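Asks:
Protein chains: 2
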Amino acid sequence: MSEPTDDPIRGAVRQLRRLPGIGEKTATRLVYWMLRAPDGTVPAIAEALSRLSSEVRTCGTCGNLTAQDPCGLCADGRRDPSMICVVEHPQDVLAFERSGEFRGRYHVLHGAISPLDGVGPADLNLRTLLDRLRDGTVTEVIVATDPDIEGDATALYLARLLGDVGVKVTRLAHGISVGTEIEYADAVSLSRALQNRQLMR
Amino acid sequence: MSEPTDDPIRGAVRQLRRLPGIGEKTATRLVYWMLRAPDGTVPAIAEALSRLSSEVRTCGTCGNLTAQDPCGLCADGRRDPSMICVVEHPQDVLAFERSGEFRGRYHVLHGAISPLDGVGPADLNLRTLLDRLRDGTVTEVIVATDPDIEGDATALYLARLLGDVGVKVTRLAHGISVGTEIEYADAVSLSRALQNRQLMR
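One line per chain: the protein sequences are A and B, in this order.
Each residue of the first sequence is one higher than the one before, counting from 45 in this note's numbering.
Each residue of the second sequence is one higher than the one before, counting from 45 in this note's numbering.
(1) Which word fits residue 54(A), buried or exposed, when buried means at least 16 other C-beta atoms lie within 10 angstroms of its C-beta?
(2) Can you check whether the CB of residue 134(A) is closer than 8 angstroms to the CB of residue 117(A)?
(3) Taking only beta-carbon positions, decide if residue 127(B) is within less than 8 angstroms of chain A.
(4) Using 7 angstroms as the cut-off, classify the Cβ of residue 230(B) as near or not near the heavy atoms of the ligand FMN, replying yes or no.
(5) Helix, strand or coil for residue 129(A) per DSSP?
(6) Could you tell me whether the Cβ of residue 45(A) comes closer than 8 angstroms to any Cβ of chain B?
(7) Per DSSP, what kind of secondary structure is residue 200(B) in: helix, strand or coil?
(8) For residue 101(A), which residues in the same chain have their Cβ closer than 8 angstroms to its Cβ, ignoring the five residues on either side in sequence?
(9) Strictly below 8 angstroms CB to CB, what residues from chain B border residue 145(A)?
(10) I'd like to know whether the C-beta of residue 94(B) is nearer than 8 angstroms to at least one C-beta of chain A.
(11) Check for me: the beta strand (DSSP E) holding residue 150(A) runs from which residue to which?
(12) Going by DSSP, which residues form a beta bridge with residue 212(A)?
(13) Is residue 221(B) helix, strand or coil when you go by DSSP?
(14) Which residue's Cα is closest to the Cα of residue 187(A): 169(A), 178(A), 215(A)?
(15) Listing by chain order, which chain A residues have their CB less than 8 angstroms from the CB of residue 99(B)?
(16) Roughly how many angstroms separate the alpha carbons of residue 223(A) and residue 87(A), rounded to a whole number?
(17) Name the DSSP beta bridge partners of residue 158(A), please?
(18) Using a C-beta cutoff of 8 angstroms, does residue 64(A) count as contacting chain B?
(19) Would you verify that the beta carbon of residue 134(A) is, or is not, closer than 8 angstroms to some beta carbon of chain B?
(20) Using Cβ-Cβ distances below 9 angstroms, what residues of the segment 65-78 of chain B are close to chain A?
(21) Whole angstroms is fine: what's the gap from residue 212(A)'s alpha carbon to residue 63(A)'s?
(22) I want to verify the contact list: residues of chain A whose CB lies under 8 angstroms from the CB of residue 56(B), in sequence order.
(23) Have a look at residue 104(A) and residue 152(A) and give me their C-alpha separation to the nearest angstrom.
(24) On the three-state DSSP scale, how would you describe residue 79(B)?
(25) Given that a residue counts as buried once 16 or more other Cβ atoms are within 10 Å of its Cβ, and exposed if not, what is residue 156(A)?
(26) Would residue 142(B) and residue 124(B) be called neighbours here (beta carbons separated by less than 8 angstroms)?
(27) On a Cα-Cα basis, can you pick out the residue from 160(B), 154(B), 129(B), 200(B) that is closest to residue 145(B)?
(28) Beta-carbon separation of residue 96(A) and residue 79(B) under 8 angstroms?
(29) Would you please verify whether the beta carbon of residue 163(B) is less than 8 angstroms from any beta carbon of chain A?
(30) Is residue 253(B) near residue 92(B), with beta carbons less than 8 angstroms apart?
(31) Following the continuous alpha helix (DSSP H) through residue 135(A), name the residue where it begins and the one where it ends.
(32) To the nearest angstrom, how far is it from the Cα of residue 168(B) to the Cα of residue 205(B)?
Next comes the structure, spelled out in C-alpha cells:
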C-alpha cells in the first residue's frame with residue numbers, strides 16, 4: 045500500500061498493539077469498531093486515557109494510585125485507623141474493596157521481594173509504612189502479599205521488620221478457595237489448607 | 045470507596061469497557077498496565093485514538109477509510125484501473141493487500157444487503173461505483189462479498205445491476221480453504237468446493 049507512514053488507522057493499530065494481550069488482529073478489530081462507533085465515543089475513550097497519565101499520582105500516605113493526595117481511602121475518617129492491610133499492587137486494593145470485608149487502611153508496596161528480578165526491600169514502598177506505624181495508632185498489620193515465592197519472601201521480611209516495631213503482624217489465610225471441589229484443588233493450596241486447618245469445636 | 049465519581053482510573057476502566065470483547069477485568073488489567081507503562085506510552089495511545097476520529101474520512105472514490113481523499117490506493121497510478129474488487133468492509137481491503145495478489149482498485153460498500161437488518165441497496169455505497177464504471181476504463185468487477193446469506197444476496201444484486209452496464213462481473217471462488225483437511229472441512233465449504241470443481245487436464 046502506498047498510504048503515508050503516518051496513516052492514522054495504521055498508527056492506531058500500532059499503538060493498541062502495545063497493550064498486553066492485544067495483537068495485530070485484535071488491534072485492527074478494535075480500530076475498525078472505533079471508526080464505526082457513534083460520534084463522541086472515541087474522543088471520550090482517548091480523553092479518559094489522557095487523564096490517566098496526567099491526573100493519576102501516588103498517594104503519599106498509602107502508595108495507592110489516585111487522583112487526589114491523600115487518596116479517598118486514606119482521607120475516609122470512617123475507616124478503622126488501627127489496621128493496615130499491606131498489598132503488592134493497587135489492583136489488590138480494588139479486590140479487597142470488592143469483597144467489602146475490610147474496613148481498615150491499606151498500604152501498597154508496588155512489588156514484592158524478588159532477588160531473581162533484582163527487586164530488594166529498598167525497591168518497595170516501605171519507608172512510609174514505617175512512618176505510619178510511628179505514632180502507635182496502628183495495632184495490626186495484615187500482610188496480603190500473593191501466595192507465591194516473592195509474596196512469601198516479602199511476608200517473612202515484613203514480619204521480621206515490623207516485629208521490631210512492636211505491632212501485631214498477621215497474614216491472610218491460604219487454603220482451598222471457596223467453590224473449589226477438593227478433587228480439583230491444586231496440590232499447593234491443598235497442602236496449605238492442611239497446614240492452616242482450623243479447630244471446629 | 046469514597047473516591048469521587050470522576051476518578052480517572054475508574055473512568056478509564058468504564059471507557060475501555062465500551063470496546064467489543066473487553067469486559068471489566070480486561071479493562072482493569074489494561075488500565076493498570078497503562079499506569080505502570082513508561083512515560084509517553086499512554087499519551088501516544090490516546091493521541092492515536094484522537095487522530096482516528098479527527099482525521100479519518102471516507103475516500104470519495106472507493107469509499108475506503110483514509111486520511112486523504114482520494115485514498116492512497118485510488119491515487120496510486122501503478123495499480124490496474126481496469127479491475128475493481130468490491131468488498132463489504134474496509135478491513136477486507138487490508139486482507140487483500142496482505143495477500144499481495146490483487147493489483148487493481150477497490151470499492152467498499154460499507155455493508156451488505158440484509159432485509160432482516162433493514163439494509164437495502166440504497167444503504168450501500170453503490171452510486172459512486174456506477175460513476176466509476178461510466179467512462180469504460182473498468183472492464184471487470186470482482187465481487188468479493190462474504191460467503192454468507194447477505195454477501196450472496198449482495199453479489200446477486202451486483203451481478204444484475206452491473207450486467208446492465210456491460211461490464212464483466214466475477215465472484216471470488218469459494219471452496220475449502222488452503223490448509224484445511226477435508227476431514228475437518230465444514231459441509232457448506234465442501235459443497236461449494238464440489239460445485240466449483242476445476243478441470244485438471
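Here a beta-carbon is modelled for each residue, glycine too, at the ideal position from N, C-alpha and C.
All values derive from a computational prediction rather than experimental measurement.
Replies: This is what the structure gives:
(1) buried
(2) no
(3) no
(4) For the ligand FMN, the structure offers nothing, since it holds no ligand at all.
(5) strand
(6) With a pLDDT of 44 at residue 45(A), under the threshold of 50, the modelled position of that residue is not reliable, and the figure given next carries that caveat. Judged by the 8 angstroms Cβ criterion, residue 45(A) is in contact with chain B.
(7) helix
(8) 109, 110, 111, 113
(9) The contacting residues do not exist; residue 145(A) stays about 14 angstroms from chain B at best.
(10) yes
(11) 149-152
(12) 184(A)
(13) coil
(14) 215(A)
(15) 52
(16) 42 angstroms
(17) 163(A)
(18) yes
(19) yes
(20) 65, 66, 70, 72, 73, 74, 75, 76, 77, 78
(21) 41 angstroms
(22) 92, 93, 95, 96
(23) 11 angstroms
(24) helix
(25) buried
(26) no
(27) 129(B)
(28) yes
(29) no
(30) There is simply no residue 253(B) to check, as chain B begins at 45 and stops at 245 in what is shown.
(31) 134-143
(32) 13 angstroms
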